[in-house]
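Enquirer: Just so you know, we're using full-length UniProt numbering here: the sequence shown kicks off at 1 and counts up by one.
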Amino acid sequence: IFELKVEEKDALLEALQQPWQVQEKTVETDISALQWVEDLEQRVIAADLHLKPYTIPDPDSTRDDLQYYEHDADPRDDWIVRTKKEWSGLPRIATHPLDLGVLRLANLERNIERRYLKEPLWNPAEVMRLAPLTPTPGEDLESEITSRLRTWRQALDRCRSAPQLCLCLLQLEKAIAWERSVTKVTCQVCKKGDNDECLLLCDGCDRGCHMYCLRPKITQIPEGDWFCPTCVAKVRTPLVTLDDEDDSLRLSKKRTRVKKRRYEDDSSEDEVTTRRSGGMTTRHKDVTTPPSSSRHSGEGSSAKRRRMTTRNQPDLTFCEIILMEMEAHADAWPFLEPVNPRLVPGYRRIIKNPMDFLTMRERLYLSCEEFAADAQLVFNNCELFNEDTSEVGMAGHSMRRFFETKQTN
1 IFELKVEEKD ALLEALQQPW QVQEKTVETD ISALQWVEDL EQRVIAADLH
51 LKPYTIPDPD STRDDLQYYE HDADPRDDWI VRTKKEWSGL PRIATHPLDL
101 GVLRLANLER NIERRYLKEP LWNPAEVMRL APLTPTPGED LESEITSRLR
151 TWRQALDRCR SAPQLCLCLL QLEKAIAWER SVTKVTCQVC KKGDNDECLL
201 LCDGCDRGCH MYCLRPKITQ IPEGDWFCPT CVAKVRTPLV TLDDEDDSLR
251 LSKKRTRVKK RRYEDDSSED EVTTRRSGGM TTRHKDVTTP PSSSRHSGEG
301 SSAKRRRMTT RNQPDLTFCE IILMEMEAHA DAWPFLEPVN PRLVPGYRRI
351 IKNPMDFLTM RERLYLSCEE FAADAQLVFN NCELFNEDTS EVGMAGHSMR
401 RFFETKQTN
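1. Going by CA-CA distance only, name the one from Asp-356, Leu-108 and Pro-341 that's closest to residue 411.
2. What are the residues that DSSP puts in a beta bridge with Cys-209?
3. With 16 other CB atoms within 10 Å as the buried threshold, where does Asn-381 fall?
4. Please state whether DSSP places Met-360 in a helix, a strand or coil.
5. Could you give the distance in angstroms between the alpha-carbon of Asn-386 and the alpha-carbon of Ala-372?
6. Whole-angstrom Cβ separation of Cys-231 and Gly-208, contact assumed at under 8 angstroms?
7. What's the C-alpha gap between Leu-156 and His-397?
8. Does the segment 117-125 come close enough to the segment 90-108 that 3 or more CB-CB pairs lie under 8 angstroms?
9. Quick check: what's the CA-CA separation for Leu-90 versus Thr-151?
10. From Gln-188 to Arg-348, what distance separates their C-alpha atoms?
11. Alpha carbon to alpha carbon, how far is Ala-106 from Glu-7?
12. At the level of alpha carbons, what is the spacing between Pro-124 and Tyr-116?
13. With a CB to CB cut of under 8 angstroms and the five nearest residues on each side skipped, what residues in its chain are close to Met-360?
14. How many angstroms separate the CA atom of Ser-32 from the CA atom of Ala-94?
15. Exposed or buried, what is Ile-221 when buried is set at 16 or more other beta-carbons lying within 10 Å of its beta-carbon?
16. Could you please give me the residues that DSSP links to Cys-231 through a beta bridge?
17. With a threshold of 8 angstroms on Cβ separation, who are the neighbours of Met-128 within its own chain once the five nearest residues in sequence on each side are excluded?
18. Check Gln-407 in the structure and name its three-state DSSP category.
19. Going by DSSP in three states, Leu-16 sits in which element: helix, strand or coil?
20. Can the beta-carbon of Cys-202 be found less than 7 angstroms from the beta-carbon of Met-211?
21. DSSP state of His-397, grouped into three classes?
22. Can you list, in chain order, the residues of its chain whose CB lies under 7 angstroms from that of Glu-173, leaving out five sequence neighbours each side?
23. State the Cα-Cα distance for the pair Cys-190 and Trp-36, rounded to the nearest angstrom.
24. Can you pull the DSSP bridge partners for Cys-187?
25. Give me the Cα-Cα distance between Arg-261 and Glu-362, rounded to the nearest whole angstrom.
26. Roughly how many angstroms lie between the CA atoms of Arg-400 and Asn-111, to the nearest whole one?
27. Please report the residue range of the alpha helix (DSSP H) in which Thr-151 lies.
28. Shortest alpha-carbon distance to Ser-367 belongs to which of Cys-319, Leu-49, Glu-70 and Trp-178?
29. Measure how close the beta-carbons of Trp-178 and Leu-200 come, nearest whole angstrom, since I'm counting them as under 8 angstroms.
30. For His-96, which of Asp-206, Glu-70, Ala-175 and Cys-213 has the nearest alpha-carbon?
31. Which residues in the same chain have their Cβ closer than 6 angstroms to the Cβ of Val-182, if we skip the five residues on either side of it in sequence?
32. Could you check how far apart the C-beta atoms of Tyr-68 and Gln-23 are, in whole angstroms? I think they sit under 8 angstroms.
33. Can you tell me whether DSSP reads Leu-214 as helix, strand or coil?
34. Between which two residues does the alpha helix (DSSP H) harbouring Val-27 extend?
35. Using only the alpha-carbon positions, how far apart do Tyr-365 and Thr-389 sit?
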């Protein structure tokens, strides 16, 4: 039971006695829906998820000429079964706040970059070319549209009330990948978003990585487009050679060039450059010299042997991608760094060969088998030292399943 004050009772009684102004309340509701659309426009612009030519129109919710308008309901309008050819669209009034909200939301959706859309409206595997709902003269096909996005546009085009508009707005808001915004980008390796001046953004997937977190490290910001190791592995060519002179990771539109790792003795970094056949220089010919020449000379260096082994093991790039994905896993927190024996007494007494993801990242592997052995060592050590029902033990089993899944794929 709520107790009302005398003033509140008087105000309530006065409100009940006044007649309900349907048109006035409807206009207020429509203006509120229009304001929510304008707020979504501001958020998209602030997150930099829009196409570059797009700019926010002047706000319409503050106009003085807004007035009430009611669209007549069509009892034959069953948009579920009516085909697109039979639908001519509702006439939109320039002074009706609901119609203004519909037009602005439709314009906003078309100016959001497709890579920032996600389920349920956008699935790259379902992209098709269909005829537009309201084709303009000379327009035959609509590119980059899914069946679900088309259904959403049809529902928006048939909005006759503020609740219908708000439902479409919420569906679009949930289909926007806000986490991919440049304002929320974090490093794939260290999972931190600090040092923005050193954070490189991939031109393929919009994910970031610090220049000092890459292996090898990048000392200067690359010119032109830059692609992360994951995108590099998707487009690289089969031939893998060495180029010690490059010091930045990039993909060229005319030639695919990838530098991955610079192998030197012990702690130095190594770069691997992916080039097309026929683009090799004299320096590359030295790398591809048959092993017999080194044996005859008796002077074969370990760095050269590593380079030749890397040439025969191009899948090492995928090992680095798997390691990055494991580091990004939610259950990877116990294995990101070496175990501190001061914080975990008895660890070194039980675990003779400790291993963790940071140590794996700093190692120079000659084959995928060595990488897989160290990964299994991490999980075996966890299973040996921790109970299966403990938090760390369950995380270890989860990471083992994740690694085996990635390894088989």
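The C-beta atom is built at its ideal place from N, Cα and C for all residues, glycine as well.
These numbers were taken from a predicted model, which means no experiment stands behind them.
Expert: Result, derived from the coordinates:
1. This structure does not reach residue 411, given that the chain is present from 1 up to 409, and the question cannot be answered.
2. Here the question's residue 209 lines up with position 209 in the sequence shown. According to DSSP, which records beta bridges pairwise, Cys-209 is partnered with Leu-200.
3. The residue you call residue 381 lines up with position 381 of the sequence shown. With 16 or more other Cβ atoms within 10 Å, it is buried.
4. To locate residue 360, count along the sequence shown from 1; it is residue 360. In the structure shown, Met-360 sits in a helix (DSSP, three-state: H, G or I).
5. For the purposes of this step, residue 386 is identified with residue 386 of the sequence shown, where counting begins at 1. For the purposes of this step, residue 372 is identified with residue 372 of the sequence shown, where counting begins at 1. For Asn-386 and Ala-372, the distance between alpha carbons rounds to 21 angstroms.
6. The residue you call residue 231 lines up with position 231 of the sequence shown. The residue you call residue 208 lines up with position 208 of the sequence shown. Not really, about 13 angstroms apart at Cβ, beyond 8 angstroms.
7. Residue numbering aside, residue 156 sits at position 156 when the sequence shown is read from its first letter. Residue numbering aside, residue 397 sits at position 397 when the sequence shown is read from its first letter. Cα to Cα, Leu-156 sits roughly 47 angstroms from His-397.
8. no
9. By one-based count along the sequence shown, residue 90 stands at place 90. By one-based count along the sequence shown, residue 151 stands at place 151. Rounded to the nearest angstrom, the two C-alpha atoms are 16 angstroms apart.
10. Numbered from 1 along the sequence shown, position 188 holds the residue referred to as residue 188. Numbered from 1 along the sequence shown, position 348 holds the residue referred to as residue 348. Roughly 30 angstroms between the two C-alpha positions.
11. To locate residue 106, count along the sequence shown from 1; it is residue 106. To locate residue 7, count along the sequence shown from 1; it is residue 7. For Ala-106 and Glu-7, the distance between alpha carbons rounds to 45 angstroms.
12. On the sequence shown, residue 124 is found 124 positions in, with the first residue counted as 1. On the sequence shown, residue 116 is found 116 positions in, with the first residue counted as 1. Each residue's Cα considered, the two are about 11 angstroms apart.
13. Start at 1 with the first residue of the sequence shown, and residue 360 comes out as number 360. Around Met-360: Leu-323, Phe-371, Asp-374, Ala-375 and Val-378.
14. Position 32 of the sequence shown holds residue 32. Position 94 of the sequence shown holds residue 94. Ser-32 and Ala-94: Cα-Cα distance of roughly 17 angstroms.
15. Taking the sequence shown and counting its residues from 1, one reaches residue 221 at position 221. Under this definition Ile-221 is an exposed residue.
16. The residue labelled residue 231 in the question sits at position 231 within the sequence shown. Beta-bridge pairing links Cys-231 to no other residue.
17. Here the question's residue 128 lines up with position 128 in the sequence shown. Closer than 8 angstroms at Cβ, skipping near neighbours: Ile-145, Thr-146 and Ser-147.
18. Counted from its first residue, the sequence shown places residue 407 at position 407. DSSP places Gln-407 in helix when its eight states are reduced to three.
19. Working through the sequence shown from its first residue, we reach residue 16 at position 16. In the structure shown, Leu-16 sits in a helix (DSSP, three-state: H, G or I).
20. As a first step, residue 202 is located in the sequence shown; it is residue number 202 there, counting from the start. As a first step, residue 211 is located in the sequence shown; it is residue number 211 there, counting from the start. Not in contact: Cys-202 and Met-211 (Cβ atoms no closer than 7 angstroms).
21. Locating residue 397 in the sequence shown gives position 397, counting from the first residue. Helix, per DSSP.
22. Along the sequence shown, one-based indexing puts residue 173 at 173. Answer for Glu-173: Leu-40, listed in chain order.
23. Taking the sequence shown and counting its residues from 1, one reaches residue 190 at position 190. Taking the sequence shown and counting its residues from 1, one reaches residue 36 at position 36. Distance between the alpha carbons of Cys-190 and Trp-36: 37 angstroms.
24. Stepping through the sequence shown from its first residue, residue 187 is reached at position 187. DSSP, once it has assigned bridges, lists Gly-208 as partnering Cys-187.
25. Within the sequence shown, residue 261 is the residue found at index 261, counting from 1. Within the sequence shown, residue 362 is the residue found at index 362, counting from 1. Low per-residue confidence applies at Arg-261: pLDDT is 35, beneath 50, and the placement is therefore not dependable, though the value from the model is reported in the following sentence. Their Cα atoms are separated by approximately 11 angstroms.
26. Residue 400 sits at position 400 when you count from the first residue of the sequence shown. Residue 111 sits at position 111 when you count from the first residue of the sequence shown. Spanning the two alpha carbons is a distance of roughly 42 angstroms.
27. Position 151 of the sequence shown, counted from the start, is the residue given in the question as residue 151. Segment 147-157, the alpha helix (DSSP H) holding Thr-151.
28. Position 367 of the sequence shown, counted from the start, is the residue given in the question as residue 367. With distances taken between Cα atoms, Ser-367 lies closest to Cys-319.
29. For the purposes of this step, residue 178 is taken as the residue at position 178 of the sequence shown. For the purposes of this step, residue 200 is taken as the residue at position 200 of the sequence shown. That pair is no contact at about 21 angstroms.
30. Your numbering for residue 96 matches position 96 in the sequence shown. If we check each option's Cα against that of His-96, Glu-70 comes out closest.
31. Looking up residue 182 in the sequence shown gives position 182. Excluding sequence neighbours, Val-182 sits near Asp-48.
32. Here residue 68 corresponds to residue number 68 of the sequence shown, with the count starting at 1. Here residue 23 corresponds to residue number 23 of the sequence shown, with the count starting at 1. Between Gln-23 and Tyr-68 the Cβ distance is about 4 angstroms, and since that is below 8 angstroms, they are a contact.
33. Here residue 214 refers to the residue found at position 214 when the sequence shown is read from its first residue. Correct three-state label for Leu-214: coil.
34. In the sequence shown, residue 27 corresponds to position 27, counting from 1. Here the alpha helix (DSSP H) through Val-27 covers 22-46.
35. Sequence index remark: in the sequence shown, residue 365 carries index 365 (1-based). Sequence index remark: in the sequence shown, residue 389 carries index 389 (1-based). Going by the C-alpha atoms only, they are around 33 angstroms apart.
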